[in-house]
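What the sequence shown shows, in my numbering, is residues 212 to 906, in sequence order. Ideal Cβ positions, reconstructed from N, Cα and C, are used throughout, including at glycine. Note that the structure is predicted; figures quoted are calculated from it, not measured. One structure below.
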Amino acid sequence: MVHGDIRDIRHVVILMQENRSFDHYFGSLRGVRGFADRATITLPGSNPVWQQPDTAPGAPVSGTQYPWPLTGAAFRGAQPPGPQAGTQNMAETDHSWRTQHDAWHGGLMNAWQHAKNGPATLGFLRRADIPFYYALADAYTLGDAYHCSVFGPTGPNRTYLWSGTVNAGREHGSYVAHDKPDEVGGRLPWESYPQTLQEAGVSWKVYQGSDNYGDNGALYFDLFAARDPAQGGTAAVGDVWYDNGVAVVPEPEDPDAGNAVNLALAIRNDVLAGTLPQVSWVVTNQRYSEHPHAAPADGAFYVGEVLRALSAGPDVFNATLLIITYDENDGLFDHVPPPVPPAGTAGEFILDTSLAPAPVPVGLGFRVPLLLVSPWTRGGWVTSEVADHTSVIQFLERWTAALGTPAVCPNISDWRRSVCGDLVSALDFRHPVYGLPDLPFVTAPVGWPRPYHPVPASNEMPAQEPGTRPARPVPCQPNANLDGLNVHADGRVEAQLSFSNSGPHVRRASHFAVYDNAAPAATMADYPARFPAQHTIAPCADSRDAAVLARAAVGGVYDLTIIGPNRFLRRFTGDAAAAGATARVTAAYYAGDRGERGDGGDRGDGGDRGDRPRLLLALANGGGEPVTFTVTPEHYAAQAPCSYDVPPGGGATFEADPVVTAGGWYDVTVTIGGDPSWSRRYAGHLETGEPSVSG
Numbered sequence: 212m213v214h215g216d217i218r219d220i221r222h223v224v225i226l227m228q229e230n231r232s233f234d235h236y237f238g239s240l241r242g243v244r245g246f247a248d249r250a251t252i253t254l255p256g257s258n259p260v261w262q263q264p265d266t267a268p269g270a271p272v273s274g275t276q277y278p279w280p281l282t283g284a285a286f287r288g289a290q291p292p293g294p295q296a297g298t299q300n301m302a303e304t305d306h307s308w309r310t311q312h313d314a315w316h317g318g319l320m321n322a323w324q325h326a327k328n329g330p331a332t333l334g335f336l337r338r339a340d341i342p343f344y345y346a347l348a349d350a351y352t353l354g355d356a357y358h359c360s361v362f363g364p365t366g367p368n369r370t371y372l373w374s375g376t377v378n379a380g381r382e383h384g385s386y387v388a389h390d391k392p393d394e395v396g397g398r399l400p401w402e403s404y405p406q407t408l409q410e411a412g413v414s415w416k417v418y419q420g421s422d423n424y425g426d427n428g429a430l431y432f433d434l435f436a437a438r439d440p441a442q443g444g445t446a447a448v449g450d451v452w453y454d455n456g457v458a459v460v461p462e463p464e465d466p467d468a469g470n471a472v473n474l475a476l477a478i479r480n481d482v483l484a485g486t487l488p489q490v491s492w493v494v495t496n497q498r499y500s501e502h503p504h505a506a507p508a509d510g511a512f513y514v515g516e517v518l519r520a521l522s523a524g525p526d527v528f529n530a531t532l533l534i535i536t537y538d539e540n541d542g543l544f545d546h547v548p549p550p551v552p553p554a555g556t557a558g559e560f561i562l563d564t565s566l567a568p569a570p571v572p573v574g575l576g577f578r579v580p581l582l583l584v585s586p587w588t589r590g591g592w593v594t595s596e597v598a599d600h601t602s603v604i605q606f607l608e609r610w611t612a613a614l615g616t617p618a619v620c621p622n623i624s625d626w627r628r629s630v631c632g633d634l635v636s637a638l639d640f641r642h643p644v645y646g647l648p649d650l651p652f653v654t655a656p657v658g659w660p661r662p663y664h665p666v667p668a669s670n671e672m673p674a675q676e677p678g679t680r681p682a683r684p685v686p687c688q689p690n691a692n693l694d695g696l697n698v699h700a701d702g703r704v705e706a707q708l709s710f711s712n713s714g715p716h717v718r719r720a721s722h723f724a725v726y727d728n729a730a731p732a733a734t735m736a737d738y739p740a741r742f743p744a745q746h747t748i749a750p751c752a753d754s755r756d757a758a759v760l761a762r763a764a765v766g767g768v769y770d771l772t773i774i775g776p777n778r779f780l781r782r783f784t785g786d787a788a789a790a791g792a793t794a795r796v797t798a799a800y801y802a803g804d805r806g807e808r809g810d811g812g813d814r815g816d817g818g819d820r821g822d823r824p825r826l827l828l829a830l831a832n833g834g835g836e837p838v839t840f841t842v843t844p845e846h847y848a849a850q851a852p853c854s855y856d857v858p859p860g861g862g863a864t865f866e867a868d869p870v871v872t873a874g875g876w877y878d879v880t881v882t883i884g885g886d887p888s889w890s891r892r893y894a895g896h897l898e899t900g901e902p903s904v905s906g
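Structure below.
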């Protein structure tokens with residue numbers, strides 16, 4: 212029966228691979244948040260985030276390195292038989308709890324080479340290197356705002372996928388599962404999601420071979436470990452926990468080299484027999500996991516085999532959502548600072564004095580690829596809703612509730628539920644496209660002769676494929692303003708900031724990070740006081756009631772960057788002692804919002820605009836001399852700069868309609884005459900609740 216909604220899904224298959232970052236795989240793919248991203252932070256010292264220093268934070272920079280293509284690289288040590296073999300079998304980079312936090316460096320993102328022992332962290336692949344995955348992205352839906360759950364290795368990230376927590380809040384005893392390669396033997400005591408599904412009456416199964424590389428997260432939990440002979444447990448054939456979570460598939464092929472074929476065959480047999488469960492996790496061994504030095508081509512071979520196994524039963528394939536993601540980023544660079552909660556957020560911080568004297572966040576971690584393969588995700592879409600591994604569970608919660616068998620995970624923190632989406636907005640149940648498209652399937656594995664160590668053969672900003680792609684709506688609407696400067700008697704200057712997240716379609720929190728680009732270098736001994744401030748703003752229908760105020764201490768000369776979801780960016784520069792100290796710009800998206808103060812003119816309700824948001828910049832002159840404001844649209848508009856002569860105490864309003872002219876995207880800069888230090892940049896996307904295009 213076709214419902215035209217989420218109930219049309221009958222099977223969800225979760226296939227989590229290993230250790231690849233988003234930029235590493237898809238930074239050069241057209242129409243996603245990759246190497247052409249202009250809404251980026253600036254590193255301490257004023258270099259762009261792409262230009263990573265080769266020294267520790269605070270030390271003099273002796274050199275920098277841009278992301279560089281692995282194809283064409285030279286090699287240190289053992290030489291591969293050809294450059295493609297070296298690219299496919301590159302060695303792993305450090306991805307421990309410590310070095311992941313070191314690379315993040317409190318949000319400053321300026322220690323990738325230092326933390327990861329050199330420039331290998333910045334190596335990336337292009338379409339010619341991983342053609343199957345690029346074709347899969349072009350045929351289905353790719354997520355470019357999906358983060359791993361933890362600044363850490365495989366173990367805690369898979370623990371999040373299988374349970375929604377690592378017990379950072381210690382609700383389930385004193386052990387926190389945050390820093391091990393896996394938790395096999397850990398016998399975690401809290402409820403895993405397979406148990407939640409079982410209790411709700413939802414069928415489930417883990418497909419694994421005799422070597423699962425420690426990646427079956429169910430086995431981390433005491434319920435399953437007690438039935439796992441490898442952990443001293445007792446096998447119990449006929450017991451649901453053993454049969455569905457511990458037992459291995461038949462292995463007619465070699466358990467190592469033939470693992471991908473064995474897993475696919477087991478799935479195919481269940482598809483044809485009508486016994487594919489409602490929820491499946493598929494777990495391969497190291498050879499096919501894509502964990503460096505395992506080849507991406509071998510992972511593509513394995514994923515292709517699973518796809519063909521599912522499509523062996525067209526009715527099953529046409530009612531299945533396959534979720535492909537990666538547990539963590541290895542130590543591979545990604546340029547987007549992850550959203551992290553404000554200090555002290557319950558269940559999200561761990562005190563590790565080897566990193567900092569104050570507790571550090573568990574995550575979110577760096578971006579990893581997400582591919583959604585189903586009839587409801589066809590068409591080469593991008594979804595930019597912030598998500599992490601708990602989003603997979605949140606999706607299953609929404610789906611099982613719609614089916615009348617709600618399976619609600621008890622472990623996901625309130626902060627993650629507020630910020631991380633449930634993936635539902637990435638699916639279109641009104642326009643399914645059935646069947647398996649033509650894809651460049653990998654016909655044979657590459658294998659892994661040995662790890663190779665590529666070194667850069669170039670040092671220049673990489674290019675991204677030109678063009679856009681259709682984009683799914685994002686259920687938040689970030690806005691931020693610099694409302695003024697407060698100069699204290701002792702000379703201290705505070706920037707008065709406001710944040711909002713409002714609109715008819717808004718149902719998720721927006722996360723903001725505030726960067727003081729003029730601040731002196733900081734070490735983690737100063738964390739969190741001298742690092743980017745983190746703000747999470749709940750959704751609200753009306754920004755007049757939702758503005759959240761904050762203050763940032765700045766010097767007389769200031770340079771602030773604020774980032775948020777989906778390429779949201781504000782940058783405010785100036786000098787509290789210069790002429791621009793009393794000039795103000797306030798951005799709003801709807802007439803009547805708190806931002807439209809300017810000249811007091813009657814903007815009305817927009818007539819035929821309805822509830823469509825617009826970009827409104829209220830320009831106000833609070834000084835005693837006339838000010839000329841110049842508004843310059845960048846990138847998304849061909850509009851010429853507009854100048855406004857504003858008298859003392861007066862105002863004016865710049866208005867634009869990016870939804871009509873640029874798919875909702877805007878990027879404008881405001882300057883004033885007589886004060887070259889003063890500028891305001893506003894960039895982001897106006898959401899309507901409907902599909903648009905990528906930036």
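Relative to the Cα of Glu901, the nearest Cα in the group Gly874, Arg891, Gly885, Tyr893 belongs to Gly874. Leaving aside the five residues that flank Ser595 on each side, the residues in its chain whose CB is nearer than 6 Å to its CB run, in chain order, Asp355, Ala356, Val685, Asn777. In the assembly as shown, Pro330 is a buried residue. Its beta-carbon has 16 or more other beta-carbons within 10 Å.
If you check the CB distance, Tyr847 and Pro869 come in under 8 Å.
Bridge pairing for Phe246: absent [DSSP]. Cα atoms of Tyr386 and Asn378: separation of roughly 7 Å, rounded to the nearest angstrom.
Linking Pro665 to Pro271 through their CA atoms gives a straight-line distance of about 26 Å. If you ignore the 5 residues before and after Pro648, its C-beta comes within less than 7 Å of the C-beta of Ala350, all in its own chain and listed in chain order.
The secondary-structure analysis by DSSP pairs Met320 with nothing; it has no beta-bridge partner. When Cβ pairs closer than 8 Å are counted between the two stretches, the segment 367–376 is seen not to touch the segment 310–329, the count staying below three. According to DSSP, residue pairing for Arg338 in a beta bridge does not occur. Spanning the alpha carbons of Val635 and Asp599 requires a straight line of approximately 13 Å.
Leaving aside the five residues that flank Gly767 on each side, the residues in its chain whose CB is nearer than 8 Å to its CB run, in chain order, Gly702, Val704, Asp786, Ala787, Ala788.
Gln419 sits in a strand when the DSSP states are folded into three classes. Inclusion of Arg589 and Ser905 in the CB contact set at 8 Å is not warranted, their separation being larger than that value. Here Leu581 really is in contact with Thr536; their C-beta atoms are around 5 Å apart, less than 8 Å. Going by DSSP, Thr407 is part of the alpha helix (DSSP H) stretching over 404–411. Between Trp308 and Pro364, the gap from beta carbon to beta carbon is short of 8 Å. Ranking Val593, Pro667, Ala790 by CA distance to the CA of Leu696 puts Ala790 first.
DSSP, read as helix, strand or coil, puts Tyr847 in coil. Taking a C-beta distance under 8 Å as the contact criterion, Arg479 and Asp433 do not qualify as a contact pair. Residue burial annotation: Val584 is buried, with at least 16 other C-beta atoms found within 10 angstroms of its C-beta. Approximately 5 Å separates the beta-carbon atoms of Met301 and Pro503; this is inside 8 Å, confirming the contact. In this chain, the beta strand (DSSP E) harbouring His896 covers 890–896. Close CB contacts of Thr882 within its chain, under the 6 Å cut and outside five residues either way in sequence, are with Thr841, Ser890 (chain order). Annotation: the continuous beta strand (DSSP E) that includes Tyr537 extends over 531–537.
Counted as a single uninterrupted DSSP element, the stretch harbouring Trp587 is not any beta strand (DSSP E), since DSSP gives it neither H nor E. Taken through DSSP and simplified to helix, strand or coil, His389 comes out as coil. No beta strand (DSSP E) of 3 residues or more sits fully in the segment 537–562. For Ala613, the uninterrupted alpha helix (DSSP H) segment begins and ends at 600–613. Residue burial annotation: Glu608 is buried, with at least 16 other C-beta atoms found within 10 angstroms of its C-beta. Gln299 sits in a helix when the DSSP states are folded into three classes. For the pair of segments examined, the segment 409–422 was found to touch the segment 451–469: the number of CB pairs separated by less than 8 Å reaches three.
Val768: member of the beta strand (DSSP E) spanning 768–775, first to last residue. Boundaries of the beta strand (DSSP E) harbouring Ala794: 794–799, taken from the DSSP string. Around Pro552, the same chain offers Glu559, Pro572, Trp626, Gln745, Thr747 as residues with beta carbons nearer than 7 Å, after the five sequence neighbours per side are excluded.
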